[in-house]
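**Student:**
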Amino acid sequence: MNKKLAQQYWKENLKYLVILLSIWFTVSFGFGILLVDELNQIKIAGFKLGFWFAQQGSIYVFVLLIFVYIYLMNRLDKKYNLN
Amino acid sequence: MTLQLWIWLMIGLTFSLYIGIAIWSKAGSTKDFYVAGTGVSPIANGMATAADWMSAASFISMAGLISFMGYDGSVFLMGWTGGYVLLALLLAPYLRKFGKFTVPDFIGDRYYSNTARLVAVLCALIISFTYVAGQMRGVGLVFSRYLEVDINTGVIIGMAIVLFYAVLGGMKGITYTQVAQYCVLIFAFMVPAIFISIQMTGNPIPQLGFGSQGADGIYLLDKLDGLSMDLGFHEYTSGSKSMLDVFFITAALMIGTAGLPHVIVRFFTVKKVSDARKSAGWALLFIAILYTTAPAIAVFARTNLIETVSEKKYDELPGWFDNWEKTGLLTFDDKNKDGIVQYVADPQINELTIDRDIMVMANPEIAELPNWVIALLAAGALAAALSTAAGLLLVISSSISHDLIKKIIKPDVSEKGELIAARISAFFAVVMAGYFGINPPGFVAAVVALAFGLAAASFFPAIVMGIFYKRMNKEGAVAGMLTGLFLMLFYMTKFKFGWFGGGTSEDWWFGISPEGFGTFAMLTNFIVSLIICHTTSNPPKEIQDLVEKIRIPSKE
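Quick note, the sequences are listed as chains A and B, same order. Under the working numbering, the first residue of the first sequence carries the number 8, and numbering increases by one thereafter. Under the working numbering, the first residue of the second sequence carries the number 144, and numbering increases by one thereafter.
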């Protein structure tokens, strides 16, 4: 692979990282910690929403994020003929 | 069948399984011994990583901790799962592409310096030893509580088992026993949780159950909030820690998780880069099953406990209360001599002291589940402790035989000689871990939590910048790692052991607890590295080429 393609691949990779890590930060540090009191005003079934994000929701999103990352990177590897 | 018989049966069966796997997967080369011949499938690696990761603390103590901390317990839930996102996105694929055996391998090669390698070995050893002592202690505790053998005998039995499969099979033996141990531990954790969830809410899925209504039509969490406030505790669904501290502790645990050498090294065992990504996904999925169930167990157990004992006559309490009183983990002191249990927040009036560990271990008895469930729980706790201990021992042994002997002291050692050295160091590591298990230094419990702070403060920045910042050189990385490591050690010993003048929570810097200080030390590491790096020369051309190479998954 030539240098230019390698740099393009790396740039696209970094773009995915920024997007996915922003979601990672938002659901845990955002919803689970910084905004917990505001979100706790909303209630779904027996759960206060902020509490739910801190003890359940953030973990589900983490799992999802990694599988989305796997999908995106496999697609990217294919695009650059790296698989 | 009696409980004792069930327990011997479950432990006997699971232990024979582990030994059988060890014999089947004997290591023939150093590559087998360090990275299981890089032939592990992503799902198997995911299970092995999950078992490696979930220790006696996750299995026995975490749900209990949460049940006493309520919302504040979220730091463990988010911290110990969120780190896998960092691991999958920022570390695992690139370290796999780099394709060596250990974390100090990467640090030493990327920073073209044996000083950096030595610093990394030092960090790996400090982190792993503090962690492994706690695991051996956990093995001893399970044996002594359930089989009525002496704690020390329990530690020795545990040592013998780990010794057998770690020394014989190395990473290969450990990987496949960890797969079996994951199955045992997750089954053992879920069965009682599902039973109790059905009992209390009619919903078989604990994750949904703890947000449902009980038989009286009141939401379980509302009920627990009410009970907690009535007894003078803080509301269960809100915390008592400051938001800043919760933020810093969560971050330290996440980043520390991503920097733990025994977790990172698991990603060296798969065939290719895309498999490293996949195994991180599977690992977190398998971990999430336990981590999303634990907060449900916490709520069930706490509600159950308060309703069973609070304001009840001591003489009429159920049999499990007696059983656990005998172990000393539950103590009742009838201060006002009325024969009734007063369980409240005010220490002047409170008559009941509860060790958090019994919340999981006594849970099946409190909920009156059958004996085989209790036996299963004992086997699961042992699986959790043994699998983590084995993974840590491998890091210790490879740090010595590979990073110290092969890479620094005697580079001309033969493949066979290195393999022998690896087995001998594994043997000594097990014996030392056993010694600490039998004679635990008083600080073990405090230090295990802080191992994360150390990992965050030392390894994480050096690895991340090694991949994402081509310009980072050895001077910057070494200075950063040392600053992070010693700053963390200083803060920890100052506020945990009272060195350097000690201090109370009033004196914490910016109100950050020692548990959360890893985040601060990590940031300092980054800043020091960047400053030093920009006042010294660029890394050599071949290192910059190496960095470009590990960023791209292909072989070229």
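Cβ coordinates follow ideal geometry from the N, Cα and C atoms, glycine included.
Can you give me the Cβ contacts of Q147 (chain B) inside the same chain, cut-off strictly under 7 Å, excluding the 5 residues immediately before and after it?
**Tutor:** Excluding residues within five positions, none has a Cβ falling inside 7 Å.
**Student:** Which same chain residues, not among the five before or five after K613 (chain B), have their C-beta less than 8 Å away from its C-beta?
**Tutor:** For K613 (chain B), where only same-chain residues beyond five positions count, the Cβ hits under 8 Å are P682, Q687, V690 and E691.
**Student:** Alpha carbon to alpha carbon, how far is V452 (chain B) from D465 (chain B)?
**Tutor:** So the two alpha carbons sit approximately 12 Å from each other.
**Student:** Reducing DSSP to helix, strand and coil, say where Y634 (chain B) ends up.
**Tutor:** Three-state result, Y634 (chain B): helix.
**Student:** Check distances from the C-beta atoms of the segment 217-248 of chain B to those of chain A and list, in chain order, the residues that come in under 7 Å.
**Tutor:** Answer in chain order: S217, L220, M221, T224, G225, Y227, V228, A231 and L232.
**Student:** From this set, B:T192, B:G580 and B:I449, which residue's C-alpha is nearest R280 (chain B)'s C-alpha?
**Tutor:** Comparing Cα-Cα distances from R280 (chain B) to each of B:T192, B:G580 and B:I449, the minimum goes to B:G580.
**Student:** For V104 (chain B), collect the residues of the same chain with a Cβ closer than 7 Å to its Cβ; drop the 5 residues on either side in sequence, then sort them by chain order.
**Tutor:** Nothing about residue 104 (chain B) can be reported from this structure: the residues present for chain B run from 144 to 699 only.
**Student:** Report yes if the CB atom of A569 (chain B) is closer than 8 Å to the CB atom of L536 (chain B), and no otherwise.
**Tutor:** Contact flag set, yes.
**Student:** If you measure beta-carbon to beta-carbon, which residues of the segment 27-38 of chain A are closer than 7 Å to chain B?
**Tutor:** The residues in question are L27, L28, W31, S35 and F36.
**Student:** Can you tell me where the beta strand (DSSP E) holding L387 (chain B) begins and where it ends?
**Tutor:** Segment M386 to G402 is the alpha helix (DSSP H) holding L387 (chain B); no beta strand (DSSP E) there.
**Student:** Are there 16 or more other CB atoms within 10 angstroms of the CB of E699 (chain B), so buried, or fewer, so exposed?
**Tutor:** Note that E699 (chain B) scores a pLDDT of 40, beneath 50, so its modelled location is shaky and nothing firm can be said.
**Student:** Below 8 Å between beta carbons: does that hold for A231 (chain B) and V246 (chain B)?
**Tutor:** Not in contact: A231 (chain B) and V246 (chain B) (Cβ atoms no closer than 8 Å).
**Student:** With a cut-off of 8 Å, does the C-beta of Q687 (chain B) fall near any C-beta of chain A?
**Tutor:** Answer no: the Cβ-Cβ gap between Q687 (chain B) and chain A never drops below 8 Å.
**Student:** In the DSSP assignment, the beta strand (DSSP E) including F475 (chain B) goes from what residue to what residue?
**Tutor:** Its beta strand (DSSP E) spans residues L473 to F475.
**Student:** Should the segment 366-377 of chain B be regarded as contacting the segment 543-561 of chain B, the criterion being three or more beta carbon pairs within less than 8 Å?
**Tutor:** They do not touch, by the three-pair rule.
**Student:** Can you find a C-beta in chain A that's less than 8 Å from the C-beta of D476 (chain B)?
**Tutor:** Answer no: the Cβ-Cβ gap between D476 (chain B) and chain A never drops below 8 Å.
**Student:** Could you compute how far the alpha carbon of K639 (chain B) sits from the alpha carbon of Y274 (chain B)?
**Tutor:** K639 (chain B) and Y274 (chain B): Cα-Cα distance of roughly 17 Å.
**Student:** Rank B:I693, B:T679 and B:T678 by C-alpha distance to the C-alpha of E685 (chain B) and give the top, closest one.
**Tutor:** Selected option, being the one with the closest Cα: B:I693.
**Student:** Any heavy atom of the ligand ZN closer than 7 Å to the beta-carbon of S541 (chain B)?
**Tutor:** No copy of the ligand ZN appears in this structure; indeed no ligand is present at all.
**Student:** Please state if the CB of A622 (chain B) and the CB of I670 (chain B) are separated by a distance shorter than 8 Å.
**Tutor:** For I670 (chain B) and A622 (chain B), no; Cβs fall outside 8 Å.
**Student:** Since S697 (chain B) and L89 (chain A) are thought to touch, with beta carbons under 8 Å apart, how far apart are those beta carbons, to the nearest angstrom?
**Tutor:** At roughly 5 Å, the Cβ-Cβ gap stays under 8 Å, so S697 (chain B) and L89 (chain A) are in contact.
**Student:** Can you tell me the Cα-Cα spacing of N295 (chain B) and A199 (chain B), whole angstroms?
**Tutor:** Rounded to whole angstroms, N295 (chain B) to A199 (chain B) spans 17 Å at the Cα level.
**Student:** Looking only at its chain, what residues have a beta carbon closer than 8 Å to the beta carbon of L666 (chain B), apart from the 5 residues adjacent to it on each side?
**Tutor:** Hits under 8 Å: none found.
**Student:** I need the boundaries of the alpha helix (DSSP H) containing T192 (chain B), first residue and last residue.
**Tutor:** From DSSP, the alpha helix (DSSP H) with T192 (chain B) extends over P185 to W196.
**Student:** Just how far apart, CA to CA, sit Y634 (chain B) and I398 (chain B)?
**Tutor:** When rounded, the distance between both Cα atoms is 18 Å.
**Student:** On the DSSP letters alone, give me the boundaries of the beta strand (DSSP E) that I497 (chain B) sits inside.
**Tutor:** It spans L495 to I497 - the beta strand (DSSP E) in which I497 (chain B) sits, taken as one unbroken run.
**Student:** Buried or exposed: which applies to R82 (chain A), given that a residue is buried once 16 or more other Cβ atoms fall within 10 Å of its Cβ?
**Tutor:** With fewer than 16 other Cβ atoms within 10 Å, it is exposed.
**Student:** Closest Cβ-Cβ distance between Q63 (chain A) and chain B: below 8 Å?
**Tutor:** Yes, because at least one Cβ of chain B sits closer than 8 Å to the Cβ of Q63 (chain A).
**Student:** Under a CB-based cut-off of 8 Å, is S49 (chain A) close to chain B?
**Tutor:** The residue asked about is misnamed: residue 49 (chain A) is Ile in this sequence, not Ser. No - not a single Cβ of chain B is within 8 Å of the one on I49 (chain A).
**Student:** At what residues does the alpha helix (DSSP H) containing A664 (chain B) begin and finish?
**Tutor:** Counting along the chain, the alpha helix (DSSP H) containing A664 (chain B) begins and ends at F660 to T678.
**Student:** For the segment 254-270 of chain B and the segment 59-70 of chain A, state whether three or more C-beta atom pairs, one from each stretch, are separated by less than 8 Å.
**Tutor:** With the cut-off at 8 Å, the segment 254-270 of chain B and the segment 59-70 of chain A do not touch.
**Student:** Per DSSP, what kind of secondary structure is E699 (chain B) in: helix, strand or coil?
**Tutor:** Confidence in E699 (chain B) is poor, its pLDDT being 40 and thus under 50, which makes the residue's placement unreliable; the coordinate value appears in the next sentence. In the structure shown, E699 (chain B) sits in coil (DSSP, three-state: anything other than H, G, I, E or B).
**Student:** Closer than 8 Å between beta carbons: that is the criterion. Which residues of the segment 431-442 of chain B meet it against chain A?
**Tutor:** Result list: A431, Y434, T435 and P438.
**Student:** Along the segment 8-20 of chain A, where does the CB come closer than 7 Å to a CB of chain C? Name the residues.
**Tutor:** No chain C appears in this structure, whose protein chains are A and B.
**Student:** For the alpha helix (DSSP H) that contains Y255 (chain B), what are its first and last residues?
**Tutor:** Taken as a continuous stretch (DSSP letters only), Y255 (chain B) belongs to no alpha helix (DSSP H), as it is neither H nor E.
**Student:** Within 8 Å of any Cβ in chain A, is that where the Cβ of V389 (chain B) sits?
**Tutor:** Chain A, which has a Cβ nearer than 8 Å to the Cβ of V389 (chain B), makes this yes.
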